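> Numbering (my numbering), first residue to last: 3 to 107.
Quick reminder that beta carbons are idealized off the backbone N, C-alpha and C, glycines included.
Here the structure is a predicted model, which means the values were calculated and not measured.
Input: one structure, supplied below.
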């Protein structure tokens with residue numbers, strides 16, 4: 003959970019690597035904003051869906067079109083953990099939405 007200034011307190015999915023998260027010399031992590039209000043619609047093309055299986059209280063939309071750089075010290079609660087399969091879907095959505103080129107060998 004993160005106290006976003008404009009959106010207020012919402013869940014966030016941290017997308018920084020473990021080394022960044024665990025390094026006390028690095029004060030910020032990359033994260034995605036989640037809409038924590040009860041979801042009654044399917045996700046938009048720029049969003050992915052998380053639910054109670056990930057430690058959340060209800061279905062939650064992950065907005066994949068904007069990456070926030072957030073201070074670690076301001077996170078105030080941990081709700082759960084996103085599975086590797088769902089992390090893959092979120093990563094793929096970020097690549098798609100931000101139109102990042104994928105290099106293939």
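1) Along the chain, which unbroken stretches of the beta strand (DSSP E) at least 3 residues long are found entirely within the stretch 26 to 60?
2) In this structure, what does DSSP give as the bridge partners for residue 72?
3) Which one of 69, 43, 47 and 79 has the shortest CA to CA distance from residue 58?
4) Is it right to say residue 108 is buried, meaning 16 or more other beta carbons lie within 10 angstroms of its own, or is it exposed?
5) So what does residue 15 bridge to, in DSSP terms?
6) Look up residue 96 in the DSSP assignment and say whether it is helix, strand or coil.
Let me spell this out:
1) 30 to 37 and 49 to 52
2) 31
3) 79
4) A question about residue 108 goes unanswered here, because the residues of the chain that appear run from 3 up to 107.
5) 34
6) helix
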